[in-house]
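Residue numbers (UniProt numbering): 1 to 228.
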């Protein structure tokens, strides 16, 4: 199997334990890999690519990890080529105004890579169709119970959180809505999430407290919201 990069066909090799024939059509449809190849800087020469692991989300690829030999032709040196592909994602900064206070609404759930819970803004992966605001609305409904439309969102740009090893780009949106104090209290008592794998609770914090959180999505969205 090959992938086109610049004017060259680059060989795709597979780890021994991967079912090659089953995965070939899925890899051809996996947009993060094809976009990576399409946008490759002409100063970089990709020699070969080893697909090391793939995680399926249903019938499509969710995560893909490769090791590539990539040469910088300007200095004839290789650059680190271990890449974890997950593609585009969205995150939403929900600002909730009540008669008594303005709140930042955060989700709380266990995050396996941290081994603990994390307070963060609602977020989710995209499916490759480029409808970022539509995905944002869907994630808001699943993670917070809010039923909104994309016209209520405002754009806060995008950022790349971990370019040293991952292609992910996160598209940020903001939202300002009004709720009563009683509605906020009720929302904090509910459990949200899609299916059994997500158990999400909501926390409402003041902006000065939100600025002390660890979530990079939250911190960047807040900075851009206050700059707009």
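Yeah, the Cβ is synthetic: ideal placement off N, Cα and C, and Gly gets one too. All of these numbers come straight from a predicted model, not from anything done at the bench.
Return the chain-ordered list of same chain residues with a C-beta closer than 6 Å to the C-beta of residue i, the five sequence neighbours on each side being excluded.
{"i": "residue 132", "result": "90 and 171"}
{"i": "residue 220", "result": "159"}
{"i": "residue 194", "result": "142"}
{"i": "residue 113", "result": "none"}
Following the continuous beta strand (DSSP E) through residue i, name the residue where it begins and the one where it ends.
{"i": "residue 71", "result": "60-72"}
{"i": "residue 148", "result": "Unbroken run through residue 148: none, as it is neither H nor E."}
{"i": "residue 108", "result": "102-111"}
{"i": "residue 78", "result": "77-79"}
Grab the span of the alpha helix (DSSP H) containing residue i for me, first residue to last.
{"i": "residue 187", "result": "181-187"}
{"i": "residue 29", "result": "20-29"}
{"i": "residue 8", "result": "That residue, residue 8, is in no alpha helix (DSSP H); its beta strand (DSSP E) goes 8-14."}
{"i": "residue 217", "result": "216-227"}
Reducing DSSP to helix, strand and coil, say where residue i ends up.
{"i": "residue 161", "result": "coil"}
{"i": "residue 48", "result": "strand"}
{"i": "residue 211", "result": "coil"}
{"i": "residue 191", "result": "coil"}
{"i": "residue 114", "result": "coil"}
{"i": "residue 142", "result": "helix"}
{"i": "residue 198", "result": "coil"}
{"i": "residue 43", "result": "coil"}
{"i": "residue 38", "result": "helix"}
Keeping to the same chain, check which residues put their C-beta closer than 7 Å to that of residue i; ignore five residues upstream and five downstream.
{"i": "residue 119", "result": "106, 108, 203, 213 and 215"}
{"i": "residue 225", "result": "93, 156 and 174"}
{"i": "residue 124", "result": "89, 90, 135 and 139"}
List the residues that DSSP assigns as beta-bridge partners of residue i.
{"i": "residue 90", "result": "124 and 171"}
{"i": "residue 135", "result": "Partner(s): none; residue 135 has no beta bridge."}
CB-CB under 8 Å to residue i, same chain, minus the five flanking residues each way: which ones, in chain order?
{"i": "residue 13", "result": "48, 49, 50 and 51"}
Check your understanding: Per the contact definition of three or more C-beta pairs closer than 8 Å, is the segment 17-26 in contact with the segment 80-97?
Key -> No: the two stretches stay apart, fewer than three of their Cβ pairs being nearer than 8 Å.
Practice item. Could you say if the segment 91-102 and the segment 168-185 meet the contact criterion of at least three C-beta pairs nearer than 8 Å? Key: The segment 91-102, when compared against the segment 168-185, does touch it at the 8 Å Cβ threshold.
Review point. Counting pairs of Cβ atoms below 8 Å between the segment 51-58 and the segment 71-78, do you hit three or more?
Key: The answer is no - the segment 71-78 does not touch the segment 51-58, with fewer than three Cβ pairs under 8 Å.
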